[in-house]
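Asker: First the structure, which I've put down as structure tokens, then a few questions once you've had a look.
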Amino acid sequence: MGKTIAIIGDGAMPTICAKLLAGKGHTLRLYSAFPDNAARLAETRTNERYLPGVELPGELAITTDPGEALDGADLAIAAMPTQF
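Numbering (numbering that gives the first Met the number 0), first residue to last: 0 to 83.
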């Protein structure tokens, strides 16, 4: 049975996570803190800034509302850059 998965972030790693999880029966939600980028991702279904030419899965919902992304999630993947 598929899980509801929230992917936090909108860069290269979150895009790759979405691609790897797509088509496996999961409900996927990607959270972006940047409304302009979220709108562009939703409209073009590509992440041209970080992974040009890689198409985002059709079942991936994109939101700027963290509550919406995490609501009922079985798993949350935090995939944003950090400094060591």
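Virtual Cβ for every residue (Gly too), placed ideally from N, Cα, C.
Between which two residues does the alpha helix (DSSP H) containing residue 43 stretch?
Answerer: Taken as a continuous stretch (DSSP letters only), the alpha helix (DSSP H) holding residue 43 covers 34-43.
Asker: As a quick exercise: from 45, 62, 60, pick the residue whose alpha carbon is nearest that of residue 54.
Answerer: 45
Asker: With DSSP as the reference, label residue 62 as helix, strand or coil.
Answerer: In the three-state reduction of the DSSP assignment, residue 62 falls in the strand class.
Asker: DSSP on residue 47, reduced to helix/strand/coil?
Answerer: For residue 47, the secondary structure class from DSSP, reduced to helix, strand or coil, is coil.
Asker: Looking at the strands, I want to know which residues DSSP matches up with residue 77.
Answerer: The partner list for residue 77 (beta bridge, DSSP) reads 7.
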